[in-house]
Amino acid sequence: MKLSKLLATVCLGTLLTAQAYAVSPTSADAKNALVLMSDFGTSDGAVSAMHGVAYGVDPTLHVSDLTHNIPDYDIWLGGYRLYQTANYWPKGSVFVSVIDPGVGTARKSVVLKTREGRYFVGPDNGQFTLIAERDGVAELREIDEKVNRLAGSGESYTFHGRDVYAYVGARLASGAITFEQVGPVLPSESVVKIAYQKAVRNGATIRGIIPVLDVKYGNVWTNIPKSLFDELKVGLHEQVQVRILHNGKQVDKVIAPFEHTFGGVAKGKPLVYLNSLLDVAVAISQGNYAAKHKIESGVDWEVEITKVPAK
88 MKLSKLLATV
98 CLGTLLTAQA
108 YAVSPTSADA
118 KNALVLMSDF
128 GTSDGAVSAM
138 HGVAYGVDPT
148 LHVSDLTHNI
158 PDYDIWLGGY
168 RLYQTANYWP
178 KGSVFVSVID
188 PGVGTARKSV
198 VLKTREGRYF
208 VGPDNGQFTL
218 IAERDGVAEL
228 REIDEKVNRL
238 AGSGESYTFH
248 GRDVYAYVGA
258 RLASGAITFE
268 QVGPVLPSES
278 VVKIAYQKAV
288 RNGATIRGII
298 PVLDVKYGNV
308 WTNIPKSLFD
318 ELKVGLHEQV
328 QVRILHNGKQ
338 VDKVIAPFEH
348 TFGGVAKGKP
358 LVYLNSLLDV
368 AVAISQGNYA
378 AKHKIESGVD
388 WEVEITKVPA
398 K
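Per this note's numbering, the sequence shown starts with residue 88, numbered consecutively.
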């Protein structure tokens, strides 16, 4: 065979192979991400055991950790971290969330599928409140532990994160089971939800809560979205009054300018800004607002925001 024909044959073969890979991805490429979150911390082997179970299901899985530093039993904060993070992951991603003070009790173990096709695995104890509200529940299924449980774990009652949730999440992410094989369908509206003050406007005042703190820097985040804040028609550098209440009692009141960046005010001065989720937040430039003013977060921490009239 002449060299030119040989080269042509090699090039054609390479092109056909490339096309085949483009049309038929490998099984590893087809797998979905598995993301783990818990209140376990990393000082013992609990998180490693969950990873081990996942890789035991499929050693080619892509396993990541959202965080394992949720404060003990803080279901609300765990749910907020899912809300904060999930939509930056591709559709099809599987989130295993284990903040489970009721482990071993009658609370249901579920997999929630959102309308965009992400999956949330864990106890149905309120931690999926914000995900269900924002993303919608396409379908909810109870995990059938008779067929979806780590082999040999039947006598273990206090580590469902390893024995049920990591195992089911890995099987779902790897394609070892379909969503329909998780277990029986539950009514979508039956998802357990935590009651809280949604952001609302009443005349010149917007009310909401402090769902979470920016724990690294002490910035105070609210659940008041930009769209609602815009209704106050606050211009850049204009003054805003923020009242913070705990169980109805005022803890703090500040008047600060609305700024796009922390550099909009001098070091040590307060400001109001939009955080990375485009929700209203309060901070001190290069300081810790929450620590200075003894602010915490949760459904019992409320906030009121009004525009300060120009003089």
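We put the beta carbon where it would ideally sit given N, CA and C, even for glycine.
Quick caveat: nothing in here was measured; it's all calculated off a predicted structure.
By the Cβ neighbour-count rule, tyrosine 244 is exposed, with fewer than 16 other Cβ atoms within 10 Å of its own.
The three-state secondary structure of phenylalanine 127, taken from DSSP, is coil. Within the model, the alpha-carbon separation for glycine 165 versus alanine 291 is close to 32 Å.
By the criterion of a C-beta distance shorter than 8 Å, valine 144 is surrounded in its chain by Tyr254, Ala257, Arg258, Ser261, Ala263, once the five residues flanking it on both sides are discounted. Annotation for valine 287: Arg294 place their beta carbon closer than 6 Å to its own, counting only its chain and skipping 5 residues before and after.
Between the stretch 175 to 194 and the stretch 115 to 134 there are three or more C-beta pairs closer than 8 Å, enough to call the two in contact. In the DSSP assignment, tryptophan 388 falls outside any alpha helix (DSSP H) and lies within the beta strand (DSSP E) extending over 385 to 394. For leucine 227, the enclosing beta strand (DSSP E) begins and ends at 224 to 229. Rounded to whole angstroms, lysine 356 and glutamine 337 show a C-alpha spacing of 21 Å. In this structure leucine 237 touches valine 140 by the C-beta definition: roughly 6 Å separates them, less than 8 Å. DSSP places arginine 258 inside the alpha helix (DSSP H), whose first and last residues are 254 to 261. Judged by beta-carbon spacing, asparagine 306 lies within the 7 Å limit of alanine 368, meaning their Cβ atoms are closer than that value.
Here DSSP, grouped into helix, strand and coil, assigns leucine 365 to coil.
Comparing alpha carbon positions, the residue from Gly350, Ser275, Leu365, Ile281 closest to leucine 315 is Leu365. Counting along the chain, tyrosine 167 sits inside the alpha helix (DSSP H) bounded by residues 162 to 172. An exposed status is given to aspartate 317, since fewer than 16 other beta-carbon atoms sit within 10 Å of its beta-carbon. By alpha-carbon distance to valine 208, the top candidate from Ser384, His324, Asp187, Lys354 is Asp187.
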